[in-house]
Amino acid sequence: GAVVSQHPSRVICKSGTSVKIECRSLDFQATTMFWYRQFPKQSLMLMATSNEGSKATYEQGVEKDKFLINHASLTLSTLTVTSAHPEDSSFYICSATRGDNQPQHFGDGTRLSIL
Amino acid sequence: DAKTTQPPSMDCAEGRAANLPCNHSTISGNEYVYWYRQIHSQGPQYIIHGLKNNETNEMASLIITEDRKSSTLILPHATLRDTAVYYCIVSRGAQKLVFGQGTRLTINP
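As given, the protein sequences belong to chains G and Z, one line each in that order.
Read in the working numbering, the first sequence has 259 at position 98, and its numbers run on one by one without any break.
Read in the working numbering, the second sequence has 55 at position 41, and its numbers run on one by one without any break.
Right, dumping it as structure tokens:
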């Protein structure tokens, strides 16, 4: 149990394009979903916390107008990287949890490459 | 959230038990100890978590000291597929996991 699906797994696109990444909890209802970013040879960094039906909470230094997060249901959250530039190239990973004291379960990540 | 300290790397022979230590001396009473691992180019995988009692599941065992200031993750019979970066994280519930650099565990044949 506790499967989180992330799509797409890899995206290559031109600078200025907007890219949408989906994160789904397949076999449980996720009260909270999280979005992380990981640059090469670095650890995961939390970008934002998303609760169903409410606005996402962004970490310091993460632009909310650049990284749009929608959490429309208990099983789906989306991250849209707007007007992506080469410096946005990274490994984006989502996670989902049933609630307090329950572990986060992670998707397999989306490798975004902006040319 | 409390910070953790882990050795940057460890080696273990295939078939032997891998014991990964973690120090979390500033852990507070309501913080859990979580262990995750990340195999190259994949999302982190949940392994196990605990509050103060030792825990065991099909993947590993978690031993937490009585004062809760440190813990050890035990992989009882390590295989080559256990080669990964292992993260020890303390957190209140499952909120806001702060990933450190973890321990890069290499299982040798």
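Note that beta-carbon positions come from the ideal geometry of N, C-alpha and C, so glycine has one too.
These numbers come from a predicted model, not from an experiment.
Report the rounded CA-to-CA distance for residue i versus residue j, giving the unit in angstroms.
i: threonine 18 of chain Z; j: glutamine 190 of chain G; result: 30 Å
i: cysteine 174 of chain G; j: aspartate 261 of chain G; result: 37 Å
i: methionine 73 of chain Z; j: histidine 91 of chain Z; result: 10 Å
i: tyrosine 219 of chain G; j: threonine 210 of chain G; result: 6 Å
i: leucine 229 of chain G; j: cysteine 184 of chain G; result: 13 Å
i: glycine 57 of chain Z; j: proline 22 of chain Z; result: 20 Å
i: asparagine 37 of chain Z; j: phenylalanine 113 of chain Z; result: 14 Å
i: glutamine 181 of chain G; j: glycine 268 of chain G; result: Correcting the residue identity first, residue 181 of chain G is lysine in this sequence and not glutamine. If I take the Cα positions, the gap works out to 15 Å.
i: leucine 273 of chain G; j: valine 164 of chain G; result: 22 Å
i: methionine 194 of chain G; j: serine 256 of chain G; result: 6 Å
i: arginine 171 of chain G; j: aspartate 96 of chain Z; result: 25 Å
i: histidine 232 of chain G; j: asparagine 122 of chain Z; result: 43 Å
i: tryptophan 176 of chain Z; j: tyrosine 60 of chain Z; result: Any answer about residue 176 of chain Z is impossible in this case: the structure gives chain Z only from 15 up to 123.
i: serine 84 of chain Z; j: threonine 40 of chain Z; result: 10 Å
i: valine 104 of chain Z; j: glycine 43 of chain Z; result: 11 Å
i: threonine 192 of chain G; j: valine 47 of chain Z; result: 21 Å
i: arginine 51 of chain Z; j: aspartate 226 of chain G; result: 32 Å
i: leucine 87 of chain Z; j: aspartate 249 of chain G; result: 35 Å
i: glycine 116 of chain Z; j: leucine 187 of chain G; result: 28 Å
i: aspartate 81 of chain Z; j: isoleucine 62 of chain Z; result: 19 Å
i: cysteine 179 of chain G; j: leucine 65 of chain Z; result: Per the sequence shown, the amino acid found at residue 179 of chain G is serine instead of cysteine. Their Cα atoms are separated by approximately 42 Å.
i: histidine 246 of chain G; j: isoleucine 275 of chain G; result: 6 Å
i: alanine 32 of chain Z; j: threonine 239 of chain G; result: 38 Å
i: proline 35 of chain Z; j: histidine 168 of chain G; result: 34 Å
i: tyrosine 197 of chain G; j: isoleucine 254 of chain G; result: 5 Å
i: asparagine 67 of chain Z; j: serine 244 of chain G; result: 48 Å
Just reading off the beta strand (DSSP E) that residue i is part of, what are its end residues?
i: glutamate 45 of chain Z; result: 45-52
i: isoleucine 78 of chain Z; result: 75-78
i: aspartate 25 of chain Z; result: 23-27
i: phenylalanine 195 of chain G; result: 193-199
i: glutamine 59 of chain Z; result: 59-64
i: isoleucine 88 of chain Z; result: 84-89
i: arginine 118 of chain Z; result: 117-122
i: histidine 168 of chain G; result: 165-168
i: histidine 232 of chain G; result: 228-234
i: threonine 271 of chain G; result: 271-275
i: arginine 171 of chain G; result: 171-174
i: threonine 241 of chain G; result: 237-242
i: serine 211 of chain G; result: 206-212
Reducing DSSP to helix, strand and coil, say where residue i ends up.
i: glutamate 183 of chain G; result: strand
i: glutamate 248 of chain G; result: helix
i: leucine 94 of chain Z; result: helix
i: glutamate 69 of chain Z; result: strand
i: asparagine 33 of chain Z; result: strand
i: isoleucine 41 of chain Z; result: coil
i: alanine 257 of chain G; result: strand
i: valine 223 of chain G; result: coil
i: valine 99 of chain Z; result: strand
i: serine 105 of chain Z; result: strand
i: threonine 178 of chain G; result: coil
i: phenylalanine 267 of chain G; result: strand
i: threonine 13 of chain Z; result: Residue coverage of chain Z in this structure runs from 15 to 123, which leaves residue 13 of chain Z outside it and unanswerable.
Quiz item: Closer than 9 Å, Cβ to any Cβ of chain Z: which residues of the segment 246-274 of chain G, in chain order?
Solution: Here the close residues are Phe252, Ile254, Cys255, Ser256, Thr258, Arg259, Gly260, Asp261, Asn262, Gln263, Pro264, Gln265, His266, Phe267, Gly268, Asp269, Gly270, Arg272.
Quiz prompt | Interface positions of the segment 200-211 of chain G facing chain Z (Cβ-Cβ less than 8 Å), listed along the chain | solution = Cβ contacts with chain Z: Ser204, Leu205, Met206, Leu207, Thr210.
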